[in-house]
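Peer 1: Residue numbers 1 to 268, in the numbering used here, belong to the letters of the sequence shown in order.
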Amino acid sequence: MKNFPLFALFVIVIATSCSDYNKVLKSTDYEFKYKKALEYYEDEEFVRASQLLNELVNIYRGTSRADEVYYYYAKSHFGMRDYLMAGHWFRTLVKDFPKSKYAEEAQYMIGYCFYMDSPKPRLDQQVSQKAIDALQLYVNLYPNSDRIEEANRLIIELRDKLVYKSFLSGKLYYDLENYKAAVVALTNSLKDFPDTKYREELMFMLLRAKYLLAVNSIEEKKEQRLSEALDEYFTFVDEFPESKDRKDADKFYEEVAKLLNYNEEANL
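#1: Apart from the five residues just before and just after Leu202, which ones in its own chain have a Cβ nearer than 8 Å to its Cβ?
#2: Buried or exposed: which applies to Glu219, given that a residue is buried once 16 or more other Cβ atoms fall within 10 Å of its Cβ?
#3: Note down, in chain order, each residue of its chain lying with its Cβ closer than 6 Å to the Cβ of Glu104, except the 5 sequence neighbours on either side.
#4: Identify which residue in Lys244, Ser243, Val237, Asp43 has its Cα closest to the Cα of Glu253.
#5: Just reading off the alpha helix (DSSP H) that Met80 is part of, what are its end residues?
#6: Under 9 Å between the Cβ atoms of Tyr138 and Gly111?
#7: How far does the alpha helix (DSSP H) with Phe236 in it extend, from its first residue to its last?
#8: Three or more beta-carbon pairs under 8 Å between the segment 122–129 and the segment 82–89, yes or no?
#9: Leaving out the 5 sequence neighbours to the left and right, which residues in its chain are closer than 8 Å to Met205 when beta-carbon positions are compared?
#10: Taking 6 Å as the limit between beta carbons, can you name the residues of its chain near Ala106, skipping five residues before and five after?
#11: Let me make sure I understand the geometry here. Which of Arg48, Tyr41, Asp43, Glu42 has the alpha-carbon closest to that of Lys23?
#12: Do Leu84 and Tyr108 have their C-beta atoms within less than 9 Å of each other?
#13: Apart from the five residues just before and just after Asp117, which ones in its own chain have a Cβ nearer than 6 Å to its Cβ?
#14: Does the Cβ of Glu31 have 16 or more other Cβ atoms within 10 Å, making it buried, or fewer, making it exposed?
#15: Between which residues of its own chain and Leu260 is the CB-CB distance below 6 Å, once the five residues before and five after are set aside?
#16: In whole angstroms, give me the CA-to-CA distance for Ala15 and Tyr21.
#17: Taking C-beta to C-beta, are Tyr34 and Arg65 nearer than 9 Å?
#18: I'd like the span of the alpha helix (DSSP H) that includes Lys165, first residue to last.
#19: Would Glu232 and Leu207 qualify as a contact pair, given that the criterion is a beta-carbon distance under 9 Å?
#20: Leu98 to Asp67, Cα distance in whole Å?
#21: With respect to the alpha helix (DSSP H) encompassing Arg208, which residues constitute its N-terminal and C-terminal limits?
Here it is, written out as structure tokens:
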């Protein structure tokens, strides 16, 4: 009971706040609405700010204040962690007002919104690629910006995610013993990311996948696949002569060379 007055006061404050906000919503004084929207934004009441700005976007479209309304509307969505809508309005701002004082920050925020929506590496990475593209465009457009270092850091982080996703995709087929698909996926991963930190592991998996695909092939495809496995062996040991997997690689070579010799003898 001692806390009842405090609770009652809290209820009164909430009720008053809601009542005041409803008055703002119903008001036809757009300057007053805009002022209150900015106040709500500064107080981090992003839901209320966005509701008011949603109406004001249309009211101020075509005026000198439109870019500012777009900016705070986008920032309010960002504050609510609605990165999809925030990114949409930042893009709209840049498109409609390329010379706005908010254009530079908006261009950065387009990439940052994509970055915030970027999923875990095991999932589809289209959003991550969009983030990289947007941030790289920002770097190109504003090379002297204070945000360049941060933008480049985010690009590296996102690129590492793409590299890991590519690695996981190749490894998935490899672990499932679908060596034909593994060869394609692993080859693409090395082609797309030649400087990947997983290069040695990827190349060994590719060698082993080609070896197993070859030795288990039907006769009309075996010789060609054995030759491809042999080529892959030489590529691997040339680049990683001290690899921890060298002994296994040498065993693949011995087996492939033996099978090729048998094939050559059979053709005599």
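Heads up, the beta-carbon is just placed ideally off N, CA and C, and yes, glycines get one too.
Peer 2: In brief:
#1: On the sequence shown, position 202 is the one that residue 202 refers to. Only Phe167, Gly170, Leu186, Ser189, Leu190, Thr196 meet the Cβ criterion.
#2: Residue numbering aside, residue 219 sits at position 219 when the sequence shown is read from its first letter. Exposed, because fewer than 16 other Cβ atoms sit within 10 Å of the Cβ of Glu219.
#3: Mapped onto the sequence shown, residue 104 falls at position 104. Counting only Cβ-Cβ distances below 6 Å, and skipping sequence neighbours, we find Tyr142.
#4: To locate residue 253, count along the sequence shown from 1; it is residue 253. Note on identity: in this sequence residue 253 is Tyr, with Glu being the wrong assignment. When only C-alpha atoms are compared, the closest one is Val237.
#5: Counting from one through the sequence shown, the residue named residue 80 turns up at place 80. Counting along the chain, Met80 falls outside any alpha helix (DSSP H), and DSSP gives it neither H nor E.
#6: If you number the sequence shown from 1, residue 138 lands on position 138. If you number the sequence shown from 1, residue 111 lands on position 111. Yes, they are a contact pair.
#7: Here residue 236 refers to the residue found at position 236 of the sequence shown. 219–239 is the extent of the alpha helix (DSSP H) around Phe236.
#8: no
#9: For the purposes of this step, residue 205 is taken as the residue at position 205 of the sequence shown. Correct list, in chain order: Gly170, Lys171, Tyr174, Ala182, Leu186.
#10: Counting from 1 along the sequence shown, the entry for residue 106 is found at position 106. Closer than 6 Å at Cβ, skipping near neighbours: Phe90, Leu93, Val94.
#11: Your numbering for residue 23 matches position 23 in the sequence shown. Closest by alpha carbon: Arg48.
#12: Locating residue 84 in the sequence shown gives position 84, where the first residue counts as 1. Locating residue 108 in the sequence shown gives position 108, where the first residue counts as 1. No, the pair does not count as a contact, with Cβ atoms beyond the cut-off.
#13: To locate residue 117, count along the sequence shown from 1; it is residue 117. Tyr83, Val127, listed in sequence order.
#14: For the purposes of this step, residue 31 is taken as residue 31 along the sequence shown, with counting starting at 1. So Glu31 ends up on the exposed side.
#15: Counted from its first residue, the sequence shown places residue 260 at position 260. Around Leu260: Leu226.
#16: Stepping through the sequence shown from its first residue, residue 15 is reached at position 15. Stepping through the sequence shown from its first residue, residue 21 is reached at position 21. Because the pLDDT of Ala15 is 40, which lies under 50, any placement of that residue in the model is unreliable, and the number read from its coordinates should be weighed accordingly. Whole-angstrom Cα-Cα distance: 10 Å.
#17: On the sequence shown, residue 34 is found 34 positions in, with the first residue counted as 1. On the sequence shown, residue 65 is found 65 positions in, with the first residue counted as 1. Yes, they are a contact pair.
#18: The count along the sequence shown starts at 1 and reaches residue 165 at position 165. Segment 148–175, the alpha helix (DSSP H) holding Lys165.
#19: Position 232 of the sequence shown, counted from the start, is the residue given in the question as residue 232. Position 207 of the sequence shown, counted from the start, is the residue given in the question as residue 207. It is a contact, given that the beta carbons lie within the stated cut-off.
#20: Residue mapping note: residue 98 aligns to position 98 of the sequence shown, counting from 1. Residue mapping note: residue 67 aligns to position 67 of the sequence shown, counting from 1. At residue 98 the sequence reads Pro, which differs from the Leu that was named. Answer to the nearest angstrom: the Cα atoms are 10 Å apart.
#21: The count along the sequence shown starts at 1 and reaches residue 208 at position 208. Here the alpha helix (DSSP H) through Arg208 covers 199–215.
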